[in-house]
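Residue numbering for the sequence shown follows the numbering used here, beginning at 4 and increasing consecutively. All C-beta atoms in this analysis are idealised placements derived from N, C-alpha and C, irrespective of residue type, glycine included. Reviewing the structure listed below.
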Amino acid sequence: MKPRAKNTTRSRALTSSVLRLVVPSLALATSLTTASCSQVPVMRGDIEGLTKVAEQAERNGALRCAPRELATAKSHLTFATTELDQGFWTRAKTHLDIARANAHAAYDMSPPQKCAERGFEEPEPPPPPPKPGDCDGDGILDPDDKCPCEKDGGPENYNGFEDNDGCPDDPDTDGDGITDSKDTCVLLPEDKDQYLDEDGCPEVDNDLDTILDANDKDASGTSCANNPEDPDGFEDTDGCPEPDNDKDTVVDLEDQCPMEPGVVGGDKPGCPKKPSLAIITETEIKILQQIHFEFDKDKIKPESFAILDAVVDILVQNPKVRIEVQGHTDGRGSAPYNKKLSDRRAAAVMRYLTAKGIDTTRLTSCGYGLERPIATNKTDQGRALNRRVQFVKITNEPACAASTPGWTPGAF
Numbered sequence: 004m005k006p007r008a009k010n011t012t013r014s015r016a017l018t019s020s021v022l023r024l025v026v027p028s029l030a031l032a033t034s035l036t037t038a039s040c041s042q043v044p045v046m047r048g049d050i051e052g053l054t055k056v057a058e059q060a061e062r063n064g065a066l067r068c069a070p071r072e073l074a075t076a077k078s079h080l081t082f083a084t085t086e087l088d089q090g091f092w093t094r095a096k097t098h099l100d101i102a103r104a105n106a107h108a109a110y111d112m113s114p115p116q117k118c119a120e121r122g123f124e125e126p127e128p129p130p131p132p133p134k135p136g137d138c139d140g141d142g143i144l145d146p147d148d149k150c151p152c153e154k155d156g157g158p159e160n161y162n163g164f165e166d167n168d169g170c171p172d173d174p175d176t177d178g179d180g181i182t183d184s185k186d187t188c189v190l191l192p193e194d195k196d197q198y199l200d201e202d203g204c205p206e207v208d209n210d211l212d213t214i215l216d217a218n219d220k221d222a223s224g225t226s227c228a229n230n231p232e233d234p235d236g237f238e239d240t241d242g243c244p245e246p247d248n249d250k251d252t253v254v255d256l257e258d259q260c261p262m263e264p265g266v267v268g269g270d271k272p273g274c275p276k277k278p279s280l281a282i283i284t285e286t287e288i289k290i291l292q293q294i295h296f297e298f299d300k301d302k303i304k305p306e307s308f309a310i311l312d313a314v315v316d317i318l319v320q321n322p323k324v325r326i327e328v329q330g331h332t333d334g335r336g337s338a339p340y341n342k343k344l345s346d347r348r349a350a351a352v353m354r355y356l357t358a359k360g361i362d363t364t365r366l367t368s369c370g371y372g373l374e375r376p377i378a379t380n381k382t383d384q385g386r387a388l389n390r391r392v393q394f395v396k397i398t399n400e401p402a403c404a405a406s407t408p409g410w411t412p413g414a415f
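Next up, the structure:
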């Protein structure tokens with residue numbers, strides 16, 4: 004019986020030697036595995052090899068000498084197989100790495116001479132010191148790991164900050180009070196100006212008006228960093244919007260004269276009241292300046308457009324008023340010639356009014372030539388007064404209608 008026991012001892016020693024040769028080879032193959040789907044068969048081979056190592060460790064008595072390492076190795080081998088079957092090879096690799104470290108640790112910590120339930124006739128020499136495990140699988144062995152297991156803080160997070168202590172950390176590199184995991188600008192401290200202060204980045208121009216916050220203030224020194232400049236040609240370099248440039252209480256968006264202080268009752272919102280160019284009386288719309296035409300023509304000079312616009316405004320404000328546009332000349336020239344010229348000029352004025360939106364049914368035009376002077380034709384001053392356009396209110400159908408060539412009520 005003794006020789007048989009001796010042979011058994013030698014067989015076990017031989018098996019141990021073979022495993023010591025096989026296991027490093029399997030570890031080397033696993034370390035060469037890359038994170039690629041093409042390596043799945045290699046990973047399955049690793050799982051099979053490590054399963055054999057764990058089984059051998061259990062036979063050697065790991066349940067007695069290395070129960071934690073054995074249990075960790077077997078459970079993570081099961082997890083790795085499940086993840087691999089479901090196609091999650093990166094998760095499988097994580098479990099495989101943990102299983103590898105703990106399977107070898109269980110094997111090394113469980114020499115059969117010491118840990119197996121049955122005894123041996125020839126004691127083996129003491130094994131080398133066991134390799135420690137890696138409880139949290141972060142690649143830092145437990146003796147060197149300040150946080151060896153999940154309950155101690157968890158695995159190292161490898162963020163470039165104290166990555167050798169085995170503990171996860173979240174530093175504040177730029178010292179702005181926002182940890183790097185939440186800091187969009189890890190190396191640039193937040194400027195803490197109550198504008199987007201949670202992202203960890205400085206905003207040098209909060210309102211994006213191209214004027215830096217340090218210079219973005221009004222004349223009193225009040226910051227406008229969060230109110231963009233309104234580039235309207237008025238104080239555009241201070242970074243502050245000026246909603247009422249002329250300070251007439253009419254905001255620029257509604258002010259038709261944003262650079263001129265307006266008055267209540269002005270011609271347009273926010274505009275100063277301009278001198279009246281026309282007024283309405285009981286009998287006519289009286290213009291305070293004369294309409295000027297090009298010499299011997301019916302073309303109105305642009306300088307008279309404002310006067311006619313004033314007439315338009317009065318007609319708009321008095322929608323029931325109908326007028327006859329009358330053309331008059333001085334006494335120079337023949338009566339027929341002056342009659343035709345005054346007709347054409349009166350018609351030109353009427354066309355201007357209708358082009359501005361006045362209904363043609365409210366207007367007629369008539370040229371009276373030299374028939375109705377209001378001053379002497381013997382002086383330049385008198386003749387200038389006689390050359391005129393009048394806007395006379397219509398009470399009955401104008402007597403001139405029949406004498407105006409081509410004229411019909413409501414026509415140009």
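State the DSSP-derived secondary structure class of residue i, mapped to helix, strand or coil.
| i | result |
| --- | --- |
| Lys396 | strand |
| Leu256 | coil |
| Phe82 | helix |
| Arg354 | helix |
| Ser1 | Outside the displayed span of the chain (4 to 415) sits residue 1, for which this structure offers no information. |
| Val328 | strand |
| Lys343 | helix |
| Gly370 | strand |
| Glu285 | coil |
| Phe91 | coil |
| Ser279 | coil |
| Phe308 | helix |
| Ile181 | coil |
| Arg391 | strand |
| Ile50 | helix |
For residue i and residue j, I'd like the C-alpha separation in whole angstroms.
| i | j | result |
| --- | --- | --- |
| Met112 | Ala60 | 8 Å |
| Phe298 | Leu344 | 11 Å |
| Gly336 | Met262 | 49 Å |
| Asp346 | Thr357 | 17 Å |
| His295 | Val266 | 31 Å |
| Glu201 | Asp179 | 10 Å |
| Cys227 | Thr176 | 31 Å |
| Ala102 | His79 | 5 Å |
| Val43 | Pro129 | 38 Å |
| Gly48 | Leu211 | 60 Å |
| Pro275 | Gln393 | 28 Å |
Do residue i and residue j have their CB atoms nearer than 8 Å?
| i | j | result |
| --- | --- | --- |
| Leu366 | Ile377 | no |
| His331 | Arg375 | yes |
| Ala74 | Ala106 | no |
| Val319 | Ala281 | no |
| Glu287 | Ile397 | no |
| Pro151 | Phe164 | no |
| Asn380 | Asp333 | yes |
| Asp208 | Leu215 | yes |
If I measure Cβ to Cβ from residue i and keep anything under 6 Å in the same chain, skipping five residues before and after, which residues do I get?
| i | result |
| --- | --- |
| Leu144 | Pro135 and Asp137 |
| Lys271 | Gln259 |
| Ile290 | Ala281 and Ile310 |
| Tyr355 | Leu311 |
Once you ignore the five residues that flank residue i on each side, which residues in its own chain have a CB closer than 8 Å to its CB?
| i | result |
| --- | --- |
| Pro133 | Ala69, Ala108, Asp111 and Met112 |
| Asp249 | Asp258, Cys260, Pro261, Met262, Glu263, Pro264, Gly265 and Gly273 |
| Ile361 | Val315, Leu318 and Val319 |
| Thr182 | Asp173, Pro174 and Asp175 |
Go through its chain and collect everything with a Cβ distance to residue i's Cβ below 7 Å, but skip five positions before and after it.
| i | result |
| --- | --- |
| Arg391 | Gln293 and His331 |
| Met353 | Val328, Leu366, Ser368 and Phe415 |
| Ile317 | Ala281, Ile283 and Ile288 |
| Ser34 | Because the pLDDT of Ser34 is 43, which lies under 50, any placement of that residue in the model is unreliable, and the number read from its coordinates should be weighed accordingly. Result list for Ser34: empty, nothing under 7 Å. |
| Leu184 | First, the residue type needs correcting, since residue 184 is Ser and not Leu in the sequence shown. The answer, listed in chain order, is Asp173. |
| Cys170 | Lys149, Cys150, Gly156 and Glu159 |
| Ser307 | Ile294 and His295 |
If we count the other Cβ atoms within 10 Å of its Cβ and call it buried at 16 or more, is residue i buried or exposed?
| i | result |
| --- | --- |
| Asp88 | exposed |
| Pro158 | buried |
| Gly90 | exposed |
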